[in-house]
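Residues in the sequence shown are numbered consecutively from 1, following full-length UniProt numbering. Glycine included, each C-beta is placed from N, C-alpha and C at the ideal position. In this text the structure is predicted, and so the values were computed from the model without any measurement.
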Amino acid sequence: MKRTDTSFAKWRKSSRSGGSSGQCVEVAEAAALVGIRDSKNSQAGHLAVDRAAFAVLVARVKSGDMDL
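What follows is the structure, encoded as C-alpha cells:
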C-alpha cells in the first residue's frame, strides 16, 4: 500500500452499499491508485492500492472467496 493525497478525489459509494446492513464502502481513483474507505467514517482514513490489486480484491469478493 502507498500513501497518497486523495483530498481532491471524487469518492463514490458502492452500488451495493446502503440499506440496513451498515456496510458502506466508497472508492476513488487517484493517479495509478484506488482509494477505499468506510463511507460512515470518512475522516478515519483510507486504504490506497494499485489498480491491479483492487481488481483482484473485487474479483475475490464477487466470487465469494472473501467470506463477507
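- Proximity to Q23 across K13, A32, A30 peaks at K13, based on C-alpha coordinates.
- Between the alpha carbons of D38 and G45 lies a gap of roughly 8 angstroms.
- An exposed status is given to A32, since fewer than 16 other beta-carbon atoms sit within 10 Å of its beta-carbon.
- Here G64 is not near L47, since their CB atoms are 8 angstroms or more apart.
- In the DSSP assignment, A55 falls within the unbroken alpha helix (DSSP H) covering 51 to 63.
- Buried is the label assigned to V27, since at least 16 other Cβ atoms lie within 10 Å of its Cβ.
- Membership of A9 in any beta strand (DSSP E) is not indicated, and neither H nor E is assigned to it by DSSP.
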